[in-house]
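As structure tokens, the structure follows; a few thoughts come after it.
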Amino acid sequence: MTLTIKGFDEEGGRISTRVLLQRIYQGLEDGETTFEVNSSGHHDIGGPLWSADGSPLRIIVKNPGQRVGSMGLQGTEIVVEGSTPADAGWLNAGATLVIKGDGGDTTGHCAASGEIYVRGRVGTRSGSLMKHDPAYEPPQLWVLKNTGSFSFEFMGGGIAVVCGYNCEDMESVLGDRACVGMVGGTIYVRGPVAGLSEDVWLADLDADDRDFLSAKLPHFLAKVGRLEVLRKLSDPGPWRKIVAKTFEERKVRQRITIHDYFSQKWVAGGIFGDVLEDDYSFTAGLVNTGEHRLKIPHWLDRRYSAPCEASCPSAIPTQQRIQLLREGKVKEALELVLRYSPFPGSVCGEVCPNLCMDACTRAFLDHPVFMKDLGRLSLDTVPPPKAPDTGKRVAVIGGGPGGLSAAWQLRLKGHAVTVFEADEEIGGKLRQVIPR
928 MTLTIKGFDE EGGRISTRVL LQRIYQGLED GETTFEVNSS GHHDIGGPLW SADGSPLRII
988 VKNPGQRVGS MGLQGTEIVV EGSTPADAGW LNAGATLVIK GDGGDTTGHC AASGEIYVRG
1048 RVGTRSGSLM KHDPAYEPPQ LWVLKNTGSF SFEFMGGGIA VVCGYNCEDM ESVLGDRACV
1108 GMVGGTIYVR GPVAGLSEDV WLADLDADDR DFLSAKLPHF LAKVGRLEVL RKLSDPGPWR
1168 KIVAKTFEER KVRQRITIHD YFSQKWVAGG IFGDVLEDDY SFTAGLVNTG EHRLKIPHWL
1228 DRRYSAPCEA SCPSAIPTQQ RIQLLREGKV KEALELVLRY SPFPGSVCGE VCPNLCMDAC
1288 TRAFLDHPVF MKDLGRLSLD TVPPPKAPDT GKRVAVIGGG PGGLSAAWQL RLKGHAVTVF
1348 EADEEIGGKL RQVIPR
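Position 316 of the sequence shown, counting from 1, maps to 1243 under the working numbering, and the rest follow consecutively.
Laid out in structure tokens, this is it:
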């Protein structure tokens, strides 16, 4: 007899995971061994569970949440009617988990025993950290289609089978950067494979491998209800296996040059490729020779703008003002700001939240530059000379801080400017709101 457990109360509201699991535990105490769980995203269904007399348990689950079948024990079979989210079969300790859909990320993560069968595909990092205790049967993860990236990383033992069904057009049925850090176990794979870690070998099957697949494939396909594809998958030709290199084999690996690393391993275009172009035609080594010994690093912050300048809405180069002050050129330092803003006292010195101070790297040493004080010192500074008249006339609509700043910059460039303001006084919020 099957005990049906619903994830909803009598009024149709979703019950908590705690309540749902307590109902499963109560069923076990009452001697039930077969369950049908109509879940609504409830997590941790299916393990670790056991019956008082050691009878096998069978749990049919619909709409599970994370970690379905996690830490499942030997003698438990969990059948998911559909797909699962992340961590299905996590830390599996002997249960049989059948997923009649797709598995989410980290399916079979840290599995130590038991079997996981997936009718579709699995997400990223699936099979990672699988391990094998020689006192128990090795864990097995069977996937009909393909895996996401970073699959089977740090795998230490167990068996994985990725059938690659209907995935012939993919670049790799194992995703990108599979098997990184793999030190044990065997992965049988059918279909295209690319981007494998250098920690492993991709090899042909031997007689034992073919016998294993021919014996287990029918069982797997029967579990997930896809026996009709057995003939196609039984052809040993497209199958290969992946095994970890031994410690001795890893030791002979040589380090690649920095140039080869940038051209072959590094992110295409570099991690700053959207703001900085570099063709990597030359990459300096750790030990430079020849003319490259004469080259030294140069501070290029001015070229790419300092943090304070980059944070300033008016792009005022505060680092240049500080340099002028260091050189004793106080007058020039105070005049510099007027080339960027006509409001050094009222805006920089009063109402501005001083984003430049928030970005100032001096804050990590002692305190940022006191921009308000520096701005007020420029209050009576003589404006910089304007460029020769260009003969061009420009109209600026609005006499607020933005319009006046635009007019200021245009006039410094030698253009004739007329500001149109609907109010009786110019200044906008700087005149009409902030002082009040």
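We put the CB at the ideal spot given by N, CA and C, even for glycine.
In whole angstroms, give me the CA-to-CA distance for residue i and residue j.
i	j	result
residue 1044	residue 1003	14 Å
residue 1185	residue 1211	8 Å
residue 1096	residue 1069	20 Å
residue 1158	residue 931	37 Å
residue 1009	residue 1213	54 Å
residue 994	residue 1019	10 Å
residue 973	residue 1001	11 Å
residue 976	residue 941	23 Å
residue 1354	residue 1332	10 Å
residue 1289	residue 1234	11 Å
residue 1109	residue 1156	30 Å
residue 880	residue 1232	In the structure as shown, the chain starts at 928 and stops at 1363, and residue 880 therefore has no counterpart that could be examined.
residue 989	residue 971	13 Å
residue 1257	residue 1334	27 Å
residue 1107	residue 1027	28 Å
residue 1364	residue 1023	Any question about residue 1364 goes unanswered here, given that the chain covers just 928 to 1363.
residue 1283	residue 1324	29 Å
residue 1173	residue 1082	14 Å
residue 982	residue 959	10 Å
With a CB to CB cut of under 6 Å and the five nearest residues on each side skipped, what residues in its chain are close to residue i?
i	result
residue 1321	1337, 1342 and 1344
residue 1150	1025 and 1044
residue 929	961 and 963
residue 1051	1032, 1075, 1076 and 1077
residue 1317	1341 and 1342
residue 1319	1342
residue 1154	1148
residue 985	961 and 1004
residue 1021	1000, 1001, 1040 and 1041
Between which two residues does the beta strand (DSSP E) harbouring residue i extend?
i	result
residue 1174	Counting along the chain, residue 1174 falls outside any beta strand (DSSP E), though it belongs to the alpha helix (DSSP H) covering 1174-1178.
residue 1067	1067-1070
residue 1167	1166-1171
residue 942	Here residue 942 belongs to no beta strand (DSSP E), and DSSP marks it neither H nor E.
residue 1020	1020-1026
residue 930	930-933
residue 1114	1111-1117
Can you check whether the C-beta of residue i is within less than 8 Å of a C-beta belonging to chain D?
i	result
residue 942	Absent here is chain D; the protein component of the structure consists of one chain.
Tell me where the alpha helix (DSSP H) around residue i begins and ends.
i	result
residue 1238	1234-1238
residue 1357	1356-1359
residue 1248	1245-1253
residue 1159	1157-1160
Suppose the cutoff is 7 Å on Cβ atoms and the five residues either side in sequence are ignored; what does the same chain contact list for residue i look like?
i	result
residue 1367	No information on residue 1367 is available, as it lies outside the stretch 928 to 1363 that the chain covers here.
residue 1170	1113, 1127, 1128 and 1130
Apart from the five residues on each side of it in sequence, which residues of its chain come closer than 8 Å, Cβ to Cβ, to residue i?
i	result
residue 1262	1305, 1308, 1309 and 1311
residue 1286	1234, 1235, 1237 and 1238
residue 1358	1352
Practice prompt. Report yes or no: do three or more beta-carbon pairs, one from the region 1261-1281 and one from the region 1301-1310, lie closer than 8 Å?
Written response: Yes, the region 1261-1281 is in contact with the region 1301-1310.
Worksheet entry | Every unbroken beta strand (DSSP E) inside the region 1258-1346 [3 residues or more] | 1320-1324
Discussion item. What ranges does the alpha helix (DSSP H) occupy inside the region 1123-1148, keeping only unbroken runs of at least 4 residues that lie completely in it?
Written reply: Here no run is fully enclosed.
Worksheet item: Contact between the region 1071-1088 and the region 1006-1026: three or more CB pairs below 8 Å?
Response: no
Worksheet item: Are at least three pairs of beta-carbons, each pair with one atom in the region 1136-1155 and one in the region 1051-1066, less than 8 Å apart?
Response: no
Worksheet item: What runs of the beta strand (DSSP E), each 3 residues or longer, lie entirely inside the region 1045-1109?
Response: 1067-1070 and 1083-1089
Worksheet entry | Any beta strand (DSSP E) of 3 or more consecutive residues that is wholly inside the region 953-1012 | 961-965, 984-989 and 1003-1007
Worksheet entry | Cβ pair count under 8 Å reaching 3, the region 1165-1176 against the region 1114-1122 | With a cut-off of 8 Å, the region 1114-1122 and the region 1165-1176 count as touching, because enough Cβ pairs lie within range.
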